[in-house]
Amino acid sequence: MSSQKPDQSSANPSNKLTDRSEDEWGNSPAAQSLERMKSNPRIKYVVIIVPEDACPACQNLTGTYPKDQVPLLPIEKCSHPLGCRSYYLPYLDEIFP
Numbered sequence: 002m003s004s005q006k007p008d009q010s011s012a013n014p015s016n017k018l019t020d021r022s023e024d025e026w027g028n029s030p031a032a033q034s035l036e037r038m039k040s041n042p043r044i045k046y047v048v049i050i051v052p053e054d055a056c057p058a059c060q061n062l063t064g065t066y067p068k069d070q071v072p073l074l075p076i077e078k079c080s081h082p083l084g085c086r087s088y089y090l091p092y093l094d095e096i097f098p
């Protein structure tokens, strides 16, 4: 019996961006970006930006969140054929030290 995991790309030919495990999320660019924002004391809020043609689930995420209450991206309920394309931006209220 083989202990190898099945190839996820053949199990899901669409390869949507939302198809990742919780472990993989921690290494994703979105997770790394959010962690950098959370560790920066000048950033108090994080803005979620969504494309104009985003699905309703992603459209509902549009907004500014306290950095300790930001939803994780990509969201699982995304129904766009390409998957969740939302991203994080820092909200800076102070540009210079």
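For the sequence shown, the working numbering gives the first residue as 2, with consecutive numbering after it.
Ideal Cβ placement from N, Cα and C applies to all residues, glycine included.
Around the beta-carbon of Gly27, fewer than 16 other beta-carbon atoms lie within 10 Å, marking it exposed. DSSP places Pro30 in the uninterrupted alpha helix (DSSP H) bounded by 30-40.
Going by C-alpha positions, Thr63 is about 8 Å away from Val48. Within a 10 Å sphere around the beta-carbon of Pro75 sit 16 or more other beta-carbons, which makes this residue buried. In this chain, the alpha helix (DSSP H) harbouring Pro57 covers 57-60. Leaving aside the five residues that flank Pro91 on each side, the residues in its chain whose CB is nearer than 6 Å to its CB run, in chain order, Met38, Ile44. If you compare the alpha carbons of Pro57, Leu35, Ser29, Tyr46 with that of Pro82, the shortest gap goes to Pro57.
Ile96 has its alpha-carbon roughly 28 Å from the corresponding atom of Gln60.
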